[in-house]
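Numbering (full-length UniProt numbering), first residue to last: 1 to 177.
Positions of the beta carbon are idealized from the N, C-alpha and C atoms, including for glycine.
I have placed the structure first, in the form of structure tokens, so that the comments after it can refer back to it.
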């Protein structure tokens, strides 16, 4: 791969040197402008590719981003089932590395709390979440939920025997009420 980049660089520089040589021989200013335009094209192309790569790359998630309250992501699957799950399930990850899963009645009151410990597994692009000793057990709670990173945010996927994949996104904090 380095060899290919080296050849590419040699070709670009070789073509680039043609313009000043022709300018030196003919004194025609068009070759000076072509030389400048040639390098501007490559520099701007590189910058545009860099910006596009940055915009399209998945977000980086660290521990501080993970702490907070999560709710069902109704955008993944729309409909009555998603609305029902949204009203009945949420969870929270506290800074003291405690996991609390909430199950609600139809009225919105808390039906049950399932508490456990959170362990962060390092060594990946983003820390992986491992849940320990969650009691009482619940069919949605999985020991190692999947963290999915998008361009600007992330969400967790829990694999439930009853519901299939259950998607949780972090609840956005509101600045204005």
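DSSP three-state call for residue i: helix, strand or coil?
{"i": "residue 86", "result": "helix"}
{"i": "residue 99", "result": "strand"}
{"i": "residue 61", "result": "coil"}
{"i": "residue 167", "result": "strand"}
{"i": "residue 77", "result": "coil"}
{"i": "residue 24", "result": "helix"}
{"i": "residue 32", "result": "helix"}
{"i": "residue 155", "result": "strand"}
Can you find the residues in the same chain that come closer than 7 Å, C-beta to C-beta, to residue i, ignoring five residues on each side of it along the sequence?
{"i": "residue 21", "result": "none"}
{"i": "residue 74", "result": "82, 83, 86"}
{"i": "residue 165", "result": "157, 159"}
Return the chain-ordered list of same chain residues with a C-beta closer than 6 Å to the C-beta of residue i, the five sequence neighbours on each side being excluded.
{"i": "residue 117", "result": "132, 133"}
For the putative contact between residue i and residue j, defined by C-beta atoms under 8 Å, what is the C-beta separation to the nearest angstrom?
{"i": "residue 135", "j": "residue 114", "result": "7 Å"}
Ignore the nearest five residues each way along the sequence and tell me which others in residue i's own chain have a CB closer than 8 Å to its CB.
{"i": "residue 38", "result": "15, 16, 19"}
Mind pulling the beta strand (DSSP E) runs of 3 or more residues that sit fully within the region 112-147? 128-135
With contact counted as at least three CB pairs below 8 Å, one residue from each stretch, are the region 55-74 and the region 144-157 in contact? yes
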